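Asks: Mind looking over this structure? Questions follow.
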Amino acid sequence: MEGPTTGARTKEASSTEEAEATTSNGDASEVQFRQYLGEEDLPTVMGLVDTELSEPYSIFTYRYFLNQWPQLCFLAYCGGQCVATIVCKMEDHPKSRMFRGYIAMLVVIKPFRGMGIGSTLVRKSLEVMRDSGCQEVILEAEVTNSGALALYGNLGFIRAKRLHSYYLNGVDAFRLKLLFPQAYMEDPSLAASNDDEDEEISLDLDQTKESQKWPSSQRQADQRHHERTWTRIPDQIL
Numbered sequence: 136m137e138g139p140t141t142g143a144r145t146k147e148a149s150s151t152e153e154a155e156a157t158t159s160n161g162d163a164s165e166v167q168f169r170q171y172l173g174e175e176d177l178p179t180v181m182g183l184v185d186t187e188l189s190e191p192y193s194i195f196t197y198r199y200f201l202n203q204w205p206q207l208c209f210l211a212y213c214g215g216q217c218v219a220t221i222v223c224k225m226e227d228h229p230k231s232r233m234f235r236g237y238i239a240m241l242v243v244i245k246p247f248r249g250m251g252i253g254s255t256l257v258r259k260s261l262e263v264m265r266d267s268g269c270q271e272v273i274l275e276a277e278v279t280n281s282g283a284l285a286l287y288g289n290l291g292f293i294r295a296k297r298l299h300s301y302y303l304n305g306v307d308a309f310r311l312k313l314l315f316p317q318a319y320m321e322d323p324s325l326a327a328s329n330d331d332e333d334e335e336i337s338l339d340l341d342q343t344k345e346s347q348k349w350p351s352s353q354r355q356a357d358q359r360h361h362e363r364t365w366t367r368i369p370d371q372i373l
């Protein structure tokens, strides 16, 4: 998905600022969070993502995530309005021993940014992933997306790798990674396996670089998304 307007920047909000932040539409104490309930929530999730992010997704892409991992999608409401959502997945990675979570989409509409909603959505998804046995969680974010990098850094994610020209617009990405310590304490060999797997991903991206063209149809776009999922988060989501 296309990112925010070029040059947009966000400063990290402190815990106090998040607690005290208010907008004309409400305050943080009025925000309610719940899991995705089913097909009736699909138009709401699609509407938020399509409004805030501009890379095209069809209903097939949304259903790929939401039908298989509904427990990893959360929505935030304020005053009866859905103001934010997160969409994730988790699965065994075919090239390693890792059971891995992945954050695919995170959106907070502009009037409600700066209230800690994005961080809360991520925490809720991480809790489900951890309790489901995930050993790590990854995502990709534009190197210029200071808001997303600050948010995930505060939550313990590290910058594991820089992926050159990762997005279709030519922008580099950081692969961000969060390790759940308990998994590595129980099986330290996972760390070595994980390092090898990261190297394989880097080689795969280099080898397919020339084929990264805009798809000729929406179904091709969906297939490309499944094979190499892009995480796009607008700036100023904190």
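Under my numbering, the first residue of the sequence shown carries the number 136, and numbering increases by one thereafter.
Even for Gly, the Cβ is constructed at its ideal location relative to N, Cα and C.
Bear in mind that the values here come from a model prediction, so they are computed numbers and not experimental data.
1) How big is the Cα-Cα spacing for K224 and E187?
2) Does DSSP classify M264 as helix, strand or coil?
3) Alpha carbons only, please: which of Y171, V184 and L210 is nearest the one belonging to Q203?
4) Expressed to the nearest angstrom, what Euclidean distance is found between the alpha-carbon atoms of R169 and Y237?
5) Whole angstroms is fine: what's the gap from L261's alpha carbon to L313's?
6) Can G173 be considered in contact with the ligand MN, in the sense that its beta carbon sits closer than 6 Å to one or more heavy atoms?
7) In chain order, which continuous runs of the alpha helix (DSSP H) of length 4 or greater are located wholly inside the segment 180 to 209?
8) Three-state secondary structure (DSSP) at G288?
9) Does the beta-carbon distance from L298 to V242 come in below 7 Å?
10) Tell me the DSSP secondary structure of I221 in three-state form.
11) Return the Cβ separation of V218 and I252 in integer angstroms, given the expectation that the two are a contact with Cβ distance under 8 Å.
Replies: In terms of the structure at hand:
1) Your numbering for residue 224 matches position 89 in the sequence shown. Your numbering for residue 187 matches position 52 in the sequence shown. Approximately 21 Å between the Cα atoms of the pair.
2) Within the sequence shown, the letter at position 129 stands for residue 264. DSSP places M264 in helix when its eight states are reduced to three.
3) On the sequence shown, position 68 is the one that residue 203 refers to. For the options Y171, V184 and L210, the alpha carbon positioned closest to that of Q203 is the one of Y171.
4) Within the sequence shown, numbered from 1, the residue matching residue 169 stands at position 34. Within the sequence shown, numbered from 1, the residue matching residue 237 stands at position 102. Rounded to whole angstroms, R169 and Y237 show a C-alpha spacing of 19 Å.
5) As a position in the sequence shown, residue 261 is number 126, starting the count at 1. As a position in the sequence shown, residue 313 is number 178, starting the count at 1. Spanning the two alpha carbons is a distance of roughly 9 Å.
6) Ligands are entirely absent from the displayed structure, and the ligand MN is therefore not among its contents.
7) 194 to 203
8) In the sequence shown, residue 288 corresponds to position 153, counting from 1. Note: G288 maps to helix in three-state DSSP.
9) For the purposes of this step, residue 298 is taken as residue 163 along the sequence shown, with counting starting at 1. For the purposes of this step, residue 242 is taken as residue 107 along the sequence shown, with counting starting at 1. Against a cut-off of 7 Å, the Cβ pair of V242 and L298 comes out as no contact.
10) Along the sequence shown, one-based indexing puts residue 221 at 86. I221 falls in the strand class under three-state DSSP.
11) Here residue 218 refers to the residue found at position 83 when the sequence shown is read from its first residue. Here residue 252 refers to the residue found at position 117 when the sequence shown is read from its first residue. At roughly 7 Å, the Cβ-Cβ gap stays under 8 Å, so V218 and I252 are in contact.
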